[in-house]
Amino acid sequence: MRTNQEEFVLTYRRSGCMSSWLPSWCPTSLSHLIKSEDRILKPIKLKFTQGHVPISYGNYIWTLGFNEKESSSDLSASGVQHLQVPLVLLHGFGGGVGLWVKNLSTLAGEGRPVYALDMLGFGRSSRPTFGRDAKDAEDQFVESLEDWRKAEGLEHMILLGHDLGGYVSTAYALKYPNRLKHLVLVEPWGFAARPNVQERWVPIWIKAFGTAMNPFNPLGPLRLAGPLGPLLLQLLRSDFKQKYASVFADDTVADYIYHVNAQTASGETAFKNMTIPYGWPKQPMMDRVEMISPSLPVTFIYGSRSSIDGQSGKAIQEMRPDSHTKIIVLQGAGHYVFADQSEDFNQAVLKICNNECIKERKHESVRVKGGSDEGDKGEIDA
């Protein structure tokens, strides 16, 4: 059940006078966030639904849904369409559903069910208090996604995660591998462990600043800037205007990112609890990745100009010699590969989805004929 009614509101779990003071100091609110999201989604011409999906503990996940009827098991309307595995998109740290604006129309254009979520603690999803322990915080992200899947009635899905969303997607794959047909990791955060060497490359002033800012959440300075926050974001992340220049000529994207992140911290706090200086994961995914089901196809998508180390993908490929593990590098793209080279990104993801559709049709054909699919062991190159 999904609702678009605003009785679901962002729940602020404040602690201390600082948190209570920030909302009035920052030029933001839930209504500002809603308006900024409406503006960034306006270029999407395909019909889609949007609303809150209730999950456990009174929380909810803000969801955009495309072609949802096609996920029905009704064979009479479109025998091919119903076999298309739903694609689920998870944004990265500090992001939200609006950042997929250059991708959603193409990815959903073939009739495939596509969902974009604001992860728990981000965007228009609820903002609960996360556990202080890194494992507890990770589990909350994973269980919220599983609760969402159950609420939406999806049997299987292709799960695509960017940055922090890639980490959460991998953690989900470790616990619920039978719910995934393909795991797509786009510039994933949190795989490599912090190097066990003295960080001489880090200037003393950066270490001192990091120590001073340690008690604060990563995006705390954005809120502390108060009325100057929107201008600060536009100055520090002017690259976003260029990334989305083909869609927006103004500061629509920067405005959206500000209102997504100027709300009271929640998922941001969870991320802080999951890291050690300077942004390294407390629980590196490389320590667990060998436990991913060998039968689950995994695809990494990197940008050639990204600062994210793509060596993790290559190492995992070597760890899974008998499993489908592919690496795609998009030339000219940085960390936000889906915005920098959106056409190439969309085509790469569509190829993955279409190959899963082909496999589903083959399996369905074998099932209907009452045969065995033992002969269908060849990997389809995605």
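The end of the sequence shown is residue 411 by the numbering used here, with every number in the run present. Glycine included, each C-beta is placed from N, C-alpha and C at the ideal position. None of these values were measured; they are calculated from a predicted model.
Backbone secondary structure at residue i - three-state DSSP
| i | result |
| --- | --- |
| T57 | coil |
| D103 | Note that D103 scores a pLDDT of 40, beneath 50, so its modelled location is shaky and nothing firm can be said. |
| L188 | strand |
| F426 | Residue 426 falls outside the range modelled here, since the chain spans only 30 to 411, and no answer is possible. |
| P323 | coil |
| T293 | coil |
| F329 | strand |
| P305 | Residue identity differs from the one stated: residue 305 is Ile in this sequence, not Pro. Strand, per DSSP. |
| V412 | Any question about residue 412 goes unanswered here, given that the chain covers just 30 to 411. |
| F277 | coil |
| L149 | coil |
| K311 | coil |
| V130 | coil |
| I69 | helix |
| L75 | coil |
| L183 | coil |
| L209 | strand |
| A137 | helix |
| I337 | coil |
| N375 | helix |
| R317 | coil |
| K391 | helix |
| T122 | Note that residue 122 corresponds to Phe in the displayed sequence, not to Thr. If DSSP states are grouped into helix, strand and coil, F122 belongs with coil. |
| N225 | coil |
| S154 | coil |
| V384 | According to the sequence as given, residue 384 is Asn; it is not Val. The answer is helix: DSSP assigns N384 an H, G or I state. |
| A166 | helix |
Bounding residues of the beta strand (DSSP E) (the contiguous stretch that carries residue i)
| i | result |
| --- | --- |
| W414 | Here the chain has residues from 30 to 411 only, and residue 414 is not among them. |
| A145 | 143–146 |
| P83 | 78–83 |
| V366 | Where V366 is concerned, there is no enclosing beta strand (DSSP E), although the alpha helix (DSSP H) it sits in stretches over 366–369. |
| L93 | 89–95 |
| L359 | 354–359 |
Residue interval of the alpha helix (DSSP H) (run including residue i)
| i | result |
| --- | --- |
| Y285 | 281–290 |
| V197 | 193–204 |
| K12 | No answer is possible for residue 12: it lies beyond the span of the chain, which begins at 30 and ends at 411. |
| G342 | 340–348 |
| L251 | 249–253 |
| G258 | 258–265 |
Beta-carbon spacing of residue i, residue j below 8 Å
| i | j | result |
| --- | --- | --- |
| V117 | Y144 | yes |
| D192 | F122 | yes |
| N96 | A137 | yes |
| Q296 | L59 | Going by the sequence as given, residue 296 is Gly instead of Gln. Taking 8 Å as the Cβ cut-off, G296 and L59 do not qualify as a contacting pair. |
| L128 | A368 | yes |
| A362 | S333 | yes |
| D147 | G125 | yes |
| Y307 | E216 | no |
| V327 | L174 | no |
| L93 | L209 | no |
| W91 | G152 | yes |
| C55 | G194 | no |
| G219 | Y196 | yes |
Cβ shell of residue i (< 6 Å), same chain only, five flanking positions each side left out
| i | result |
| --- | --- |
| F329 | L214, G342, I356 |
| R161 | N302 |
| S105 | The predicted model places S105 with a pLDDT of 35, which falls under 50 and marks its position as unreliable; any figure quoted below should be read in that light. Correct list: empty, nothing qualifies. |
| A283 | L262, Q263, F269 |
| T199 | M314 |
| Q79 | L93 |
| S352 | P323 |
| S154 | I90, W91, D147 |
Own chain, CB closer than 7 Å to residue i, minus 5 neighbours either side, in chain order
| i | result |
| --- | --- |
| A221 | P313, M315, D338, S341 |
| H61 | H288 |
| D176 | I84, S85 |
| N290 | G123, L248, L251 |
| G239 | With a pLDDT of 48 at G239, under the threshold of 50, the modelled position of this residue cannot be trusted, and the question is left open. |
| Y365 | K272 |
| D280 | Q263, K270 |
Same chain only: Cβ atoms within 8 Å of residue i, ignoring 5 sequence neighbours per side
| i | result |
| --- | --- |
| I305 | R223, K311 |
| I73 | V130, L133, S134 |
| L75 | F95, L133, S134, A137, G138 |
| F77 | L93, G94, F95, L133, A137 |
| S335 | E216, A362, G363, H364, V366 |
Residue-chain proximity (residue i, chain D), Cβ-Cβ < 8 Å
| i | result |
| --- | --- |
| Q370 | Reference to chain D is not applicable here, since this structure consists of a single protein chain. |
Any non-hydrogen atom of the ligand NAP closer than 7 Å to residue i Cβ
| i | result |
| --- | --- |
| A222 | Only the bare structure without any ligand can be found here, which leaves the ligand NAP out of the picture. |
Contact between the region 177–193 and the region 377–388 is defined here as three or more beta-carbon pairs at a separation below 8 Å; is this criterion met? yes
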